[in-house]
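The structure under discussion appears below in the form of structure tokens.
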Amino acid sequence: MTKYIRKKLAERLIEAGLITAEQFDIALKKHQEIKIPIRQILIDSGYIKEDVLVKFIADVLEIKYIENLPKKIDDIELQNLFTEEFCREKFVLPLYKWEDYLTVAMADPFDVFTIDDIRSIAKCKIKTIITKKDEIIKSIDSCYGKKDLLKDIFNDVQQEFTDLEVIKSNAEELQSTQKSSQEIPIDDEGPIIRLVNSMIKQAIDENASDIHIETDEESLRIRFRIDGVLEDAMRPPKNFQPYIVSRIKIMAGMDISIKMTPQDGRFGIKNKNSDIDVRVSTIPTVFGEKVVLRLLNQKNINLILEELGFSEHDLTIFKKTIRLPHGIILISGPTGSGKTTTLYVVLQNINSPGKNIITIEDPVEYQLKGINQIQVNTKAGVTFAKGLRSILRQDPDIIMVGEMRDLETAETSVQAALTGHLVFSTLHTNDSASSIVRMVDMGVPSYLVAASVYAVVSQRLVRVLCPKCKVPYEPEQSLLDEIKLKGKPSDYTFYHKKGCDYCNKHGFKGRTIIVELMIIDKMLRKMIHEKSSSDEIRAVAQNNGMKLLWEDGIEKVKSGITTIEEARKASFVDND
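Under our numbering, the first residue of the sequence shown is numbered 0, with each subsequent residue one higher.
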């Protein structure tokens, strides 16, 4: 069938006067000798222009021709499904999936073997569109590797990132004292510096929270974590890896001669009007050092409580709670759920000249004006427990303990709360009720937990739909039944992500929290004292009006703030 279509295509090209029979015979003979597609030989020989041929093929096959492909694949899962190597080898690009069809751009829609491969990978029906090979390559560069940016850098582009200034770094001192172990050739410092600067600046511009630099046997990959999701940013040549790592180590005040031991460092950046603290961590892997840069933007904590994501009802209660004269207020959730940011915003909102606020953290992520912050340093003997005991001798009004990791820290926090101090801390638990049980399991007597803990906030981060491009839809009845919403589908409007220039084609812009706020009343204190289970505590708290994480997530879905998929991922609860 394919040979018949190709023969028909050749005949129609000749009939249309786009090529001659002689030209086709020459191309066919060359194809039989070197196995290059006939269409490519016709183009390379100058018999026909590529855009003319591609449009003609689209007409023959009755498929769509697209001139300009998107510069970003909206569906990150789809991009991860098809590797850059596969797309480059086959000259294809997955565009979007709708219902049971995946639309794929191809330079050669006659390639039935590649179509079969795509169908096998995607496990769905395939709809092809055609475009020029150069357009495929250009779009792959943009979607997967940012190759154009690298090409510019290594062609010695004059563009310098003058608004990116490295500060708080002892780079000059390191360069003078470590010249014997310096790996970056003098001639290469310019482009490597520009590459690292451009990488950091691009991450800042895209509101990334982390930069991951990782290598395998054959490649080097740089990824950005944007709104909690890792995305490919650029793929420099693998041989650049030691130079990039060395440059970052110099910026962060780390020893570039140490490669087989994990290291930590930091440096600061002034980018336009924002101050950014960069935390650097390196670990040795089989194929070289992996580097992670965490970008801590000061503007992220210059928030007010209303901007965190609390519902109006919970916000009113929480505002009163954080102004209590004493007691413990816990923020719980897994790593990366925004606990520290919430605590920082709370401390800034309750800070005043009349209060002495002291924190002990590991690490101190942001420097807060008017607040005394202590960095845990186990080598110097400064642990959470020892630091907390020292804080109590400093006449504090409010104490923030970065994390309750052990019995000693928990007991000291309880004693501080019972002696007239307001204590904020975090726990790694799945929900509010589990936090209470965790403290008892640590060894804190249940009667002391009941007497000292006043509130527990459990939270998760969800991505916020881009307000400029989100797409409304009416949910199906089966979905409403699943999430236990009463009423008809027409009573609700949910939203899908789409992607536009404002959100950089992500479909999301920023993140917010979903919250489970449990206030400890007399009934709950009695249950804690009696060592009730987390399920029993949760049930009573719900009867008292506490919304579960899942329920708050659904409210944000109904309000058009996020998607049902985001709410599901964040709350991961059984709704049966």
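Every residue, glycine too, gets a C-beta built ideally from N, C-alpha and C.
Could you give the first and the last residue of the continuous beta strand (DSSP E) run that contains residue i?
i: M517; result: F507 to I518
i: Q372; result: N371 to Q374
i: R234; result: Per DSSP, R234 belongs to no beta strand (DSSP E) and is neither H nor E.
i: G326; result: G326 to S331
i: E364; result: Note, E364: premise wrong, no beta strand (DSSP E); not H, not E.
i: I212; result: A207 to T214
i: T425; result: L421 to L426
i: I397; result: I397 to V400
i: I221; result: L219 to I225
i: A454; result: V452 to L464
i: F493; result: F493 to H495
i: V470; result: V470 to Y472
The alpha helix (DSSP H) that contains residue i, what's its start and end?
i: Q414; result: L406 to L417
i: L60; result: E49 to L60
i: Q78; result: I75 to L80
i: I35; result: Careful: I35 lies outside any alpha helix (DSSP H) and carries neither H nor E.
i: Y343; result: K338 to I349
i: I390; result: F383 to L391
i: I120; result: V111 to A121
i: C86; result: E83 to K89
i: V310; result: Note that residue 310 corresponds to Ser in the displayed sequence, not to Val. Looking at the DSSP string, S310 is not in any alpha helix (DSSP H), and its letter there is neither H nor E.
i: M522; result: K521 to H528
i: Q541; result: S533 to N542
i: G552; result: L548 to K557
i: K568; result: I563 to S570
i: D480; result: Q476 to E481
Quick one: is residue i buried, meaning 16 or more other Cβ sit within 10 Å of its Cβ, or exposed?
i: T161; result: The pLDDT assigned to T161 is 43, lower than 50, so where the model puts this residue is not dependable, and the model offers no usable value.
i: T418; result: exposed
i: N376; result: exposed
i: G380; result: exposed
i: H312; result: exposed
i: R392; result: exposed
i: D551; result: buried
i: A566; result: buried
i: K248; result: buried
i: T19; result: exposed
i: E171; result: Because E171 sits at a pLDDT of 43, beneath the cut-off of 50, its placement in the model cannot be relied upon, and the following sentence gives the value as read from the coordinates. With fewer than 16 Cβ atoms within 10 Å of its Cβ, E171 is classed as exposed.
i: M517; result: buried
i: M545; result: buried
i: Q347; result: buried
i: K555; result: buried
i: W97; result: exposed
i: E288; result: buried
i: P333; result: exposed
i: I282; result: exposed
i: G401; result: buried
i: L478; result: exposed
i: N429; result: buried
What residues match up with residue i in a beta bridge as DSSP calls it?
i: S280; result: D263 and V291
i: I316; result: DSSP output for I316 lists no bridge partner at all.
i: T102; result: Y95 and K126
i: S445; result: DSSP, once it has assigned bridges, lists no residue as partnering S445.
i: F274; result: Here residue 274 turns out to be Asp, not Phe, going by the sequence shown. Bridge partners of D274: K269.
i: I357; result: N371 and I398
i: Y64; result: I129
i: N296; result: I275
Can you tell me which of the options puts its alpha carbon nearest to the alpha carbon of residue i?
i: V363; options: I303, L304 and Q297; result: Q297
i: R11; options: L60, P36, D43 and I35; result: L60
i: L484; options: P108, D394, A384 and K557; result: K557
i: K137; options: A104, E305, A415 and I397; result: A104
i: A384; options: S412, K368 and G369; result: S412
i: Y143; options: F109, I221 and I129; result: I221
i: R234; options: A454, G227, E213 and A251; result: E213
i: F423; options: Y453, V443 and D140; result: Y453
i: L52; options: K71, L17, L80 and N67; result: L17
i: I576; options: H427, S336 and G45; result: Nothing can be reported for residue 576, as the shown portion of the chain is limited to 0 through 575.
i: I225; options: T113, Y100, I75 and C468; result: I75
i: L421; options: Q78, R322, F109 and K29; result: R322
i: F578; options: V539, G442, I553 and Q240; result: The chain is shown from 0 up to 575; residue 578 falls before or after that span and cannot be answered.
i: T358; options: T425, E306, V448 and G252; result: T425
i: R293; options: D24, I328, T428 and F223; result: F223
i: K467; options: F507, I199, I300 and Y446; result: F507
i: P69; options: D231, E134 and Q374; result: E134
i: V514; options: F317, C86 and L92; result: F317
i: A576; options: I328, L548, S310 and D263; result: Any question about residue 576 goes unanswered here, given that the chain covers just 0 to 575.
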